[in-house]
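Asker:
Protein chains: 2
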Amino acid sequence: MSEAVSQRDQQRERVITAAFELFAERGYEGTTVEAIADRAGVGRTTFFRMFRSKESVVFPAHDQLLAAIEARLTTARPGTEKVALSEASELVLEQYLHEGARARQRYALTREVEALRERERASIFQYERLFRRFIHQWWGGTPDTLLRAELAANAVVTAHNHVLRAWLRGDVGAEEARIWFRDVIAELDATLGWEPEPQTAKAAPDRSEAASTGMPNTGDGEGEPAVIVVRDAAQLERMLPTIRRMLR
Amino acid sequence: MSEAVSQRDQQRERVITAAFELFAERGYEGTTVEAIADRAGVGRTTFFRMFRSKESVVFPAHDQLLAAIEARLTTARPGTEKVALSEASELVLEQYLHEGARARQRYALTREVEALRERERASIFQYERLFRRFIHQWWGGTPDTLLRAELAANAVVTAHNHVLRAWLRGDVGAEEARIWFRDVIAELDATLGWEPEPQTAKAAPDRSEAASTGMPNTGDGEGEPAVIVVRDAAQLERMLPTIRRMLR
DNA sequence: ACCCGCGCGGTACGCAGTTCCATGATCACG
DNA sequence: CGTGATCATGGAACTGCGTACCGCGCGGGT
């Protein structure tokens, strides 16, 4: 059984290797799927059973990585969300560092083939989506925290890609990249403010404020005016998303 | 001459209309390019002369919009970068609002067709790239400002898309979207800190959430709460600039 | 030895996108 | 007004990706 699995993996690896060889020799667009299958000693049909498309063979570890990220994020407990997020993003970096030369060849390919660039963006977007959902749930899953969750997830992914590209270009070594990435994440952690800033972690005081005006916050009665009481401009801005939601 | 140009545009518009009609009738993947060309009364070859691909016809205004953004950004002078950036991003929003129903149909299409989602991401990435380059140059174009420029550009685009999606879903009207977007940009402006180093140290002290009793108030005396009465969400959005000014 | 399941390869097909060429309209010029 | 050049158009043929279908052979179980 384990032998069978191993053989499947070996076959898969042969296809990937054949593909990267041919891409290096004739370029991506100059290589047909049939040529890859021939060199790997499999049929064209089998290629498409292993990889959804010609592009997919360039990102062979994507699905597995995505699953690993999700697994790491789901182990988070209240209070450990930040470290979970940090480590999950490090998984991506580690994956690339582990792939080594192949990651760099992929970088070369993506730089010159538009279709592969698009495909890579789609991959990145999937990581980002996991992060976004995780952060959003962490912050309560309410509509008013969604934008900030999107911004935060985006910032993490952007920072990651910044460091990753430096390594892919050879500007920094693997260990430097790891350290730099931790620094960057720490910096983001400090500058983003995460929970504190404009958002409704303090839902209770918000409600009591609304109630103190005598207007039930759940009532969306038509034509009924809403009364809002704020202390200053800053509080208004903080409460705006909530106010908008309640008025909707 | 102008007549010839007009005829070309009319022909192009016929093709776009035919495409959207057929996509609505048979779905995107159920529609062949030949069918689009037939309905528009042109040859298949002509279709591919007007649009690089079947996907491109779904985003017919993209190139023009990209050029408009670049044009707006290049008019920036020292000191006017922020407003240039803000207005350039508003160009994108305005483009969608202007397209109206077609933008919403595109939204429906992109939600169900993976290829179109990828394509849209590619479009967004191009806007984001313009913003990134602009911000980076603005901040000196040195390597040490690049990451922050990437983060800033990303934040602008993410915020924009957040508001845009709300309009596309019909959650807010066009005017609300405009106002909301300006608010969001203003908020980003305040929290990102832009040029200064990575910090938001401002850390507004929001302690005394305790008792904000509804005291009617006309003056802007410090510590004194303000009472706002609005009829509905739309009125709130219309009045927001005024409210902000009074609270300042 | 026989049967069953299943992965594999081969074939055929649809369709996107490209290339090449013939045709017809428009325009410049004699 | 006729003639030739230019250029957009449409048609035809081709490549190659991706899918559907089918038959074969290599297991493993009884």
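Chains as they are written, first to last, in the numbering used here: chain Y, 351 to 598; chain F, 351 to 598.
Glycine included, every Cβ here is placed at the ideal spot set by N, Cα and C.
Taking buried to mean at least 16 other C-beta atoms within 10 Å of its own C-beta, is T382/Y buried or exposed?
Answerer: Exposed, by the Cβ-count rule.
Asker: Mind listing which residues of the segment 456-486 of chain Y have their C-beta closer than 7 Å to chain F's C-betas, in chain order?
Answerer: Those residues of the segment 456-486 of chain Y that come within reach of chain F (Cβ to Cβ, closer than 7 Å) are E468, R471, A472, F475.
Asker: Take the Cβ of R482/F as the centre, count every other Cβ of all protein chains shown within 10 Å, and call the residue buried at 16 or more, exposed below.
Answerer: Buried, by the Cβ-count rule.
Asker: Using CA coordinates, which residue listed in R471/F, R399/F, R454/F is at the minimum distance from N504/F?
Answerer: Minimum Cα distance to N504/F is reached at R471/F.
Asker: Below 8 Å, can you find three or more Cβ-Cβ pairs linking the segment 491-502 of chain Y to the segment 412-422 of chain Y?
Answerer: With the cut-off at 8 Å, the segment 491-502 of chain Y and the segment 412-422 of chain Y do not touch.
Asker: Can you name the start and end residues of the alpha helix (DSSP H) that S473/Y belongs to?
Answerer: First-last of the alpha helix (DSSP H) with S473/Y: 464-488.
Asker: Around the Cβ of S439/F, are there at least 16 other Cβ atoms within 10 angstroms (buried) or fewer (exposed)?
Answerer: So S439/F counts as buried.
Asker: Does the segment 425-433 of chain F come close enough to the segment 392-407 of chain F to have 3 or more Cβ pairs within less than 8 Å?
Answerer: No: the two stretches stay apart, fewer than three of their Cβ pairs being nearer than 8 Å.
Asker: Could you run through the segment 488-505 of chain Y and flag, in chain order, every residue whose CB is less than 8 Å away from some CB of chain F?
Answerer: Under the 8 Å Cβ criterion, the segment 488-505 of chain Y contributes L496, L497, E500, L501, N504, A505.
Asker: Quick check: the Cα distance between P410/Y and L447/Y, rounded to an integer number of angstroms?
Answerer: Rounded to whole angstroms, P410/Y to L447/Y spans 15 Å at the Cα level.
Asker: Say whether chain Y places a C-beta atom closer than 8 Å to the C-beta of G569/F.
Answerer: Confidence at G569/F is low in this model, with a pLDDT of 44, below 50, so its placement is unreliable and the value that follows should be read with caution. Taking Cβ atoms only, chain Y never reaches closer than 8 Å to G569/F, which makes this a no.
Asker: How is the alpha helix (DSSP H) around R422/F delimited, first residue to last?
Answerer: First-last of the alpha helix (DSSP H) with R422/F: 412-424.
Asker: Please determine if the segment 420-430 of chain Y and the segment 373-389 of chain Y are in contact, where contact requires at least 3 C-beta pairs separated by less than 8 Å.
Answerer: No, the segment 420-430 of chain Y is not in contact with the segment 373-389 of chain Y.
Asker: Hey, could you find the ends of the alpha helix (DSSP H) R498/Y is sitting in?
Answerer: Its alpha helix (DSSP H) spans residues 493-518.
Asker: Might you give, ordered along the chain, the residues of its own chain that have their beta carbon closer than 7 Å to the beta carbon of L538/F, omitting 5 neighbours on each side?
Answerer: Excluding residues within five positions, the ones whose Cβ falls inside 7 Å are A505, V506, A509.
Asker: Below 8 Å CB to CB, which residues in the same chain sit around I474/Y once its five sequence neighbours on both sides are set aside?
Answerer: Counting only Cβ-Cβ distances below 8 Å, and skipping sequence neighbours, we find V507, N511.
Asker: Is the beta carbon of R456/Y closer than 8 Å to that of V408/Y?
Answerer: A contact, by the Cβ cut-off of 8 Å.
Asker: Can you list, in chain order, the residues of its chain with a C-beta nearer than 7 Å to that of Q476/F? Leave out the 5 residues immediately preceding and following it.
Answerer: If we look at Q476/F and ignore the five residues flanking it on each side, its Cβ neighbours are L416.
Asker: Distance check for D359/Y and E478/F, CA to CA, integer angstroms please.
Answerer: Taking the straight line joining both Cα atoms gives about 39 Å.
Asker: Out of A536/Y, V463/Y, E371/Y, E500/Y, which has the shortest C-alpha to C-alpha gap to S436/Y?
Answerer: Checked all of A536/Y, V463/Y, E371/Y, E500/Y; the closest Cα to S436/Y is A536/Y.
Asker: With distance defined between alpha-carbon atoms, name the residue in V513/F, L497/F, R402/F, G450/F nearest to R469/F.
Answerer: R469/F has its Cα closest to that of R402/F, out of V513/F, L497/F, R402/F, G450/F.
Asker: If you check the beta carbons only, do F531/F and L441/F fall under 8 Å apart?
Answerer: No, they are not a contact pair.
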